[in-house]
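Undergrad:
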Amino acid sequence: MIIEKPKIKVENLDLYYGSFQALKKVTISIEEKKITSIIGPSGCGKSTLLRVFNRMNDLVEGIRIEGLVEIDGENIYAKDTNMVALRKKVGMVFQRPNPFPLSIYDNVIYGPRVHGERNRKKLDEIVEKSLRAVLLFDELKDKLDRSALSLSLESQQRLCISRLLAVQPDVILLDEPCSALDPMATLKIEELLQVLKNDYTILIVTHNMQQAARASDNTFYMLLGEMIEYGPTEQVFTNPKDKRTEDYITGRFG
Amino acid sequence: MRDSRRYERVAFGVMAAATGIIIAPVLIILFIVLWYGVPGLSLEFLTAMPRDGMRAGGIFPAIVGTLVLTIGTAIFSIPLGILAAIYLNEYAGKNWMTRLVEISIINLAGIPSIVYGLFGLGLFVTFLGFGASILAGSLTLAIMTLPVIITATREALSSVPQQFREVSFSLGASRWQTVRGVVLPNAIPGILTGTILGLSRAAGETAPILFTVAAFYLPRLPESVFDQVMALPYHIYVLSTQVPNVSMKIQYSTVLVLVGMVFIMNIIAAYIRSKFRKRKTW
Ligand SMILES: Nc1ncnc2c1ncn2[C@@H]1O[C@H](COP(=O)(O)OP(=O)(O)OP(=O)(O)O)[C@@H](O)[C@H]1O
Ligand SMILES: [Mg+2]
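Protein chains in written order, with my numbering: chain A, 27 to 280; chain B, 87 to 368.
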């Protein structure tokens, strides 16, 4: 698929955990302000690929990465990469809602505080803006000092997204963000993603075919660390080019 | 069928007996100490200087000595132990160096306390010239307590979910910001519990202070860290073996005071732990 001015560009990416190769010559360009879903059977390297973009893989011992990964035209694996700036720019939402055992307010301002914001008024503004963006503010504005753990799972996941928005990222990575949620909550999070895509480039890993079909603009199918198919979601789901993609999305395997 | 049931009943009986045997000494010790020790307790006993070659009066300087030594131990061992644990758990990779440090810490915990006493005598009292003093005694006790604090702190740090660290990193926080922002706040109850237990053990030790600080008979309060002090564990030893004709009452009451101090510290530790358990929800 040809994309002009991609937000993220990956070329011939190889990734090894020790001697095990988890990603093989992956090449993909991600469109700005679109939702791209990554699908594929368990263990095919979806999370691994996602964690390439904010370099969370760096925490794994014995990992080796070869190839080119650019965000906004900058090689994020260059020697002089500013990790703080990268992680501010590329945020991540995890599989299980994982708010800190702090108040709702303190969860949202964790990032800004880390980056040196001390002004109470500014922080208040950030909290309001970030919670509004995930449609939680009106419900929670009088309960900001409550523990984040007292919220429902769906609200916790929203809070985790707003905690991320508070550091003003460009790119949001979501690794199966709905797998701990019920179908209703899942739909609501998907709605939220549609709103967020006006301002953010979104990558979502999902096991849920309907979710990918419903919620994403482009779909990337991988198998055993390799790219099998990448294209507009509609085309991938209705008219896949590769037999293996077809088998997977029709549920014949995976 | 009937055989297996009888077998089960016997097994149950054996286990119950084993449990009984474990708690029996604790109960017996507590009972005896309370029975003989309580009658001798009085405000005067707790706040007066000893008189008549320790056969009368109070044990005030020994109480103060033990408190001072415990505080001194805390001052030296807590920062060092916690920092070492943070380094080992949060920064150091898994290589032969850290493995070596880990093995040393485990072995340090197994060294008999009299060896610490001799080590303190050699290093602090003689070589560094602190003399038998609060400083030398606190340092010796601190070294003995370090492995306990390091181990407890590492356990507390490890119990903080890895997810929290990942989230913090993913928001752009540095390692130290992550430790300070999410790891330590969630580990502090565990660290406190382990630390207090370690200190309470130090408070009751005799051998490490024997040559490094404990005074046989010193009926006044210390004025500087280079002074000697009396201390409860050593005082008990002195009363029961070195001074003829000390009344049982004084001996038992002294034991009661020491056991009471250690007991209070342990209760505080248990309280912190149980409060934390209830709050923990991840
Ligand atoms: N830290 C690691 N060390 C070694 N191998 C790893 C590590 N993390 C993942 N792997 C391996 O890399 C492969 C890809 O893992 P990854 O977690 O990216 O798969 P996934 O597509 O996200 O799977 P799932 O759908 O189950 O989440 C798997 O075979 C996995 O066993
Ligand atoms: Mg995964």
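Cβ atoms here follow ideal geometry from the backbone N, Cα and C, with glycine treated the same way.
As the structure is a computational prediction, the values presented were derived from the model and not from experiment.
Any Cβ of chain B within less than 8 Å of the Cβ of residue 280 of chain A?
TA: Because residue 280 of chain A sits at a pLDDT of 46, beneath the cut-off of 50, its placement in the model cannot be relied upon, and the following sentence gives the value as read from the coordinates. No, because no Cβ of chain B sits closer than 8 Å to the Cβ of residue 280 of chain A.
Undergrad: Quick check on this structure: which residue in A/121, A/154, A/92 and A/137 has the alpha carbon closest to the alpha carbon of residue 114 of chain A?
TA: It is A/137 whose Cα lies nearest to the Cα of residue 114 of chain A.
Undergrad: In chain A, which residues lie less than 8 Å from residue 331 of chain B when you measure between Cβ atoms?
TA: Within 8 Å Cβ-Cβ: nothing; residue 331 of chain B doesn't reach chain A, min ~60 Å.
Undergrad: In chain B, which residues lie with their C-beta within 8 Å of the C-beta of residue 203 of chain A?
TA: The contacting residues do not exist; residue 203 of chain A stays about 13 Å from chain B at best.
Undergrad: So which residues on chain B does residue 114 of chain A lean against when the C-beta distance must stay under 7 Å?
TA: Per Cβ cutoff of 7 Å: 258.
Undergrad: If you count every other CB in all the chains shown that lies within 10 Å of the CB of residue 351 of chain B, and 16 or more means buried, which is it?
TA: That one is buried.
Undergrad: Of all the alpha helix (DSSP H) runs that stay within the bounds of the segment 101-157 of chain A, which reach a length of 4 or more residues?
TA: Correct list: 109-115, 130-134 and 136-140.
Undergrad: Could you name the residues of the same chain whose beta carbon sits closer than 7 Å to that of residue 298 of chain B, not counting the 5 residues immediately before and after it, in chain order?
TA: Once the five neighbours on either side are set aside, the close Cβ partners of residue 298 of chain B are 203, 206, 207, 210, 211, 218, 222, 223 and 226.
Undergrad: Compile a chain-ordered list of the residues in the segment 131-151 of chain A whose CB is closer than 7 Å to at least one CB of chain B.
TA: Here the close residues are 136, 137, 140 and 141.
Undergrad: Count the C-beta pairs between the segment 252-260 of chain B and the segment 175-186 of chain B that are closer than 8 Å, then say yes if the count reaches three, no if not.
TA: The answer is no - the segment 175-186 of chain B does not touch the segment 252-260 of chain B, with fewer than three Cβ pairs under 8 Å.
Undergrad: May I ask whether a heavy atom of ligand 1 can be found less than 7 Å away from the beta carbon of residue 106 of chain B?
TA: Residue 106 of chain B: no, Cβ never under 7 Å from ligand 1.
Undergrad: Can you grab the Cα-Cα spacing for the pair residue 31 of chain A / residue 244 of chain A, in whole Å?
TA: Cα to Cα, the separation comes out at about 15 Å.
Undergrad: Could you check whether the Cβ of residue 84 of chain A sits closer than 7 Å to any heavy atom belonging to ligand 2?
TA: Answer for residue 84 of chain A: no, Cβ out of range of ligand 2.
Undergrad: Taking a cut-off of 5 Å, which residues have a beta-carbon closer than that to any heavy atom of ligand 1, in chain order?
TA: The answer, residue by residue, is A/43, A/48, A/68, A/69, A/70, A/71, A/72, A/73, A/74 and A/86.
Undergrad: Between residue 231 of chain A and ligand 2, is the CB less than 7 Å from at least one heavy atom?
TA: Yes; taking the cut-off as 7 Å, the Cβ of residue 231 of chain A has a heavy atom of ligand 2 nearer than that.
Undergrad: Taking Cβ-Cβ distances below 7 Å as the criterion, which residues of the segment 54-82 of chain A are in contact with chain B?
TA: Per Cβ criterion, the list reads 80 and 82.
Undergrad: Near residue 34 of chain A, what residues of its chain come up, given a Cβ to Cβ distance below 6 Å and the 5 sequence neighbours on each side ignored?
TA: Excluding positions up to five away in sequence, the list reads 56 and 97.
Undergrad: I'd like the span of the alpha helix (DSSP H) that includes residue 236 of chain B, first residue to last.
TA: 220-244 is the extent of the alpha helix (DSSP H) around residue 236 of chain B.
Undergrad: Quick check on DSSP: helix, strand or coil for residue 335 of chain B?
TA: Residue 335 of chain B: helix per DSSP, three-state reduction.
Undergrad: So with CB distances below 7 Å, who are the chain B contacts of residue 193 of chain A?
TA: Correct list: 257 and 258.
Undergrad: Would residue 110 of chain A pass as a contact of residue 80 of chain A if the rule is Cβ separation under 8 Å?
TA: No, these two residues do not count as a Cβ contact at 8 Å.
Undergrad: Taking 7 Å as the cut-off, is the beta-carbon of residue 201 of chain A closer than that to any non-hydrogen atom of ligand 3?
TA: Ligands present in the displayed structure are limited to ligand 1 and ligand 2, and ligand 3 is not among them.
Undergrad: Kindly list, in the order they appear in chain E, the residues whose Cβ is closer than 9 Å to that of residue 267 of chain B.
TA: As a matter of chain content, chain E is missing from the structure shown, whose protein chains are A and B.
Undergrad: Closer than 8 Å by C-beta to residue 120 of chain B: which residues in its own chain qualify, once you throw out the five before and the five after it? Chain order, please.
TA: Excluding residues within five positions, the ones whose Cβ falls inside 8 Å are 342.
Undergrad: Can you list the beta strand (DSSP E) stretches of 3 or more residues lying completely in the segment 97-141 of chain B, in chain order?
TA: The qualifying runs do not exist here; there are none.
Undergrad: Please confirm if residue 179 of chain B has its CB atom under 8 Å from at least one CB of chain A.
TA: At least one chain A Cβ lies under 8 Å of residue 179 of chain B.
Undergrad: Strictly by DSSP, which residues pair up with residue 258 of chain A?
TA: DSSP output for residue 258 of chain A lists A/244 as bridge partner(s).
Undergrad: Hey, does residue 9 of chain A have any beta-carbon neighbour from chain B nearer than 8 Å?
TA: Limits of chain A in this structure are 27 at one end and 280 at the other, which puts residue 9 of chain A out of reach.
Undergrad: Suppose the cutoff is 8 Å on Cβ atoms and the five residues either side in sequence are ignored; what does the same chain contact list for residue 169 of chain A look like?
TA: Result list for residue 169 of chain A: 130, in chain order.
Undergrad: Of all Cβ atoms in chain B, is any one closer than 8 Å to the Cβ of residue 44 of chain A?
TA: With 8 Å as the cut-off, residue 44 of chain A does not count as an interface residue toward chain B.
Undergrad: State the Cα-Cα distance for the pair residue 233 of chain A and residue 261 of chain A, rounded to the nearest angstrom.
TA: Straight-line Cα distance between these residues: approximately 19 Å.
Undergrad: Please determine, among B/354, B/338 and B/348, the residue with the shortest C-alpha to C-alpha distance to residue 141 of chain B.
TA: For the residues B/354, B/338 and B/348, the minimum Cα distance to residue 141 of chain B belongs to B/338.
Undergrad: Residues of chain B with CB closer than 8 Å to the CB of residue 117 of chain A, please, in chain order.
TA: Going along chain B in sequence order, the residues near residue 117 of chain A (Cβ under 8 Å) are 256 and 257.
Undergrad: Evaluate contact between the segment 137-148 of chain A and the segment 197-212 of chain A, counting only Cβ atoms and requiring at least three cross-stretch pairs below 8 Å.
TA: Result no; under three Cβ-Cβ pairs closer than 8 Å.
Undergrad: Once you ignore the five residues that flank residue 273 of chain B on each side, which residues in its own chain have a CB closer than 8 Å to its CB?
TA: Answer for residue 273 of chain B: 239, 242, 243, 245 and 246, listed in chain order.
Undergrad: Just to confirm before moving on: does the CB-CB distance between residue 73 of chain A and residue 231 of chain A stay below 8 Å?
TA: Result yes, Cβ atoms of residue 73 of chain A and residue 231 of chain A sit closer than 8 Å.
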